[in-house]
Amino acid sequence: MSVICLSLTKNVAFNILKEKTAKGIMDALSNMYEKPSAVNKVFLIRELVNTRMKNGTSVTEHINKLNSILARLLSVGIKFDDEVQALLLLSSLPDTWSGTVTAITSSAGPDGFTFEKIRDLVLGEDVRRRSSGESSEESLNIVRGRGNNRGSGSKNRRRSRSKTRDSSGVTCWKCKEVGHFRNQCPKEVKQVNIARGSASDEDLFICCAESSVDSWVMDSGASFHATHSGEALQNLVVGDFGKVRLADDGALDVTGMGDIVLKTPVGFWTLKDVRVVPALKKSLISVRQLDEQGHEVKFGNGQWKSLLDDQEGWWQLEVVEF
Numbered sequence: 001m002s003v004i005c006l007s008l009t010k011n012v013a014f015n016i017l018k019e020k021t022a023k024g025i026m027d028a029l030s031n032m033y034e035k036p037s038a039v040n041k042v043f044l045i046r047e048l049v050n051t052r053m054k055n056g057t058s059v060t061e062h063i064n065k066l067n068s069i070l071a072r073l074l075s076v077g078i079k080f081d082d083e084v085q086a087l088l089l090l091s092s093l094p095d096t097w098s099g100t101v102t103a104i105t106s107s108a109g110p111d112g113f114t115f116e117k118i119r120d121l122v123l124g125e126d127v128r129r130r131s132s133g134e135s136s137e138e139s140l141n142i143v144r145g146r147g148n149n150r151g152s153g154s155k156n157r158r159r160s161r162s163k164t165r166d167s168s169g170v171t172c173w174k175c176k177e178v179g180h181f182r183n184q185c186p187k188e189v190k191q192v193n194i195a196r197g198s199a200s201d202e203d204l205f206i207c208c209a210e211s212s213v214d215s216w217v218m219d220s221g222a223s224f225h226a227t228h229s230g231e232a233l234q235n236l237v238v239g240d241f242g243k244v245r246l247a248d249d250g251a252l253d254v255t256g257m258g259d260i261v262l263k264t265p266v267g268f269w270t271l272k273d274v275r276v277v278p279a280l281k282k283s284l285i286s287v288r289q290l291d292e293q294g295h296e297v298k299f300g301n302g303q304w305k306s307l308l309d310d311q312e313g314w315w316q317l318e319v320v321e322f
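Here the sequence shown is numbered in the UniProt record's numbering, starting from 1 and rising by one per residue.
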């Protein structure tokens, strides 16, 4: 009894001064705070629907808080079935967990969800994120959209120019002159965009970069241009540019950003702000990024076309299915 009294604040303790037993104290407190009145029910329902996990908050603490609210609702006569409790947990997760929520809901069987199963999946995902040192706020989604660092690449590139490799004493492989790397060669840059027009019947959807043997694949789902190596990039800035989120919820490091000149059957084409993702198997041209950079992109009749606002002609290549 004394332990209960010492645990109460003064404004609450005044209400149980007349009680002489522990049961009497608990009954008085129950009548005050667990009475199934309409006011208490509205308050608890409002607290439940407004409960959202914040980024950086412990998942365990969030689940405990949710369970506490559900227990208090049960004490006033409001009970949710097991599947509804599971859905309440999923809906209370932050936007950075949207990939996990989508994966869980897509894998639901005919029997629906159970709270215990969803709780274990959420706790397991939390352990995986913490063990991999993953930051949800900095993660980028290469399939579903851009992350929160949108637009930061250009700022980082301007701040980091002084950190690029020292080119003094270096001989260019392209022009054999001293003082710059091949991807900085002015003679190579002068050729950019000098040719444009329609392609012949043998032109392909896959573009080959002049300075790389890699093929570049047009991807309408990618958030940005990406390649696995920065060797062929111009204006390369090396650094930590966050992570790339894949469709299977995996995360890959982005280690740099720069521009690249692609040699196509109709001339040279410069892609701006290409991310370096060493773990990628294919180099990607993002339709989304082309659109955001002012290109008009069209698909039809087995071809895709790209036109920049200040260009006088179309890039036109045939689509090849893999």
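Ideal Cβ positions, reconstructed from N, Cα and C, are used throughout, including at glycine.
On a predicted model such as this, the values are computed, not experimentally measured, just so you know.
Between the CA atoms of residue j and residue i - distance to the nearest angstrom
i: residue 212; j: residue 285; result: In this prediction, residue 212 has a pLDDT of 36, which is less than 50 and means its spatial position is unreliable; what the coordinates show is noted afterwards. So the two alpha carbons sit approximately 15 Å from each other.
i: residue 171; j: residue 283; result: 28 Å
i: residue 60; j: residue 123; result: 7 Å
i: residue 245; j: residue 295; result: 25 Å
i: residue 197; j: residue 263; result: At residue 197 the pLDDT is 35, less than 50, meaning the model places this residue with poor confidence and gives no usable figure here.
i: residue 63; j: residue 233; result: 47 Å
i: residue 112; j: residue 83; result: 7 Å
i: residue 228; j: residue 110; result: 41 Å
Test item: CB-CB of residue i and residue j under 7 Å
i: residue 238; j: residue 256; result: yes
i: residue 293; j: residue 224; result: no
i: residue 272; j: residue 291; result: no
i: residue 8; j: residue 44; result: no
i: residue 48; j: residue 78; result: no
i: residue 96; j: residue 55; result: yes
i: residue 101; j: residue 88; result: no
i: residue 92; j: residue 57; result: no
i: residue 252; j: residue 279; result: yes
i: residue 76; j: residue 41; result: yes
i: residue 254; j: residue 241; result: yes
Per DSSP, cross-strand counterpart(s) of residue i
i: residue 82; result: For residue 82, which the question treats as bridged, DSSP gives no partner whatsoever.
i: residue 234; result: 259
i: residue 53; result: Paired residue(s): none; residue 53 is not in a bridge.
i: residue 285; result: 218
i: residue 252; result: 244
i: residue 119; result: According to DSSP, residue 119 bridges with nothing at all.
i: residue 227; result: 276
i: residue 76; result: For residue 76, which the question treats as bridged, DSSP gives no partner whatsoever.
i: residue 109; result: 112
Residue i burial status per 10 Å Cβ neighbour count (16 or more: buried)
i: residue 115; result: buried
i: residue 275; result: buried
i: residue 243; result: buried
i: residue 53; result: buried
i: residue 321; result: Low local confidence applies: a pLDDT of 39 at residue 321 is under 50, so the model's placement there is unreliable, and no value is given.
i: residue 403; result: The structure shown does not extend to residue 403, since the chain spans only 1 to 322, so no value can be given for it.
i: residue 177; result: exposed
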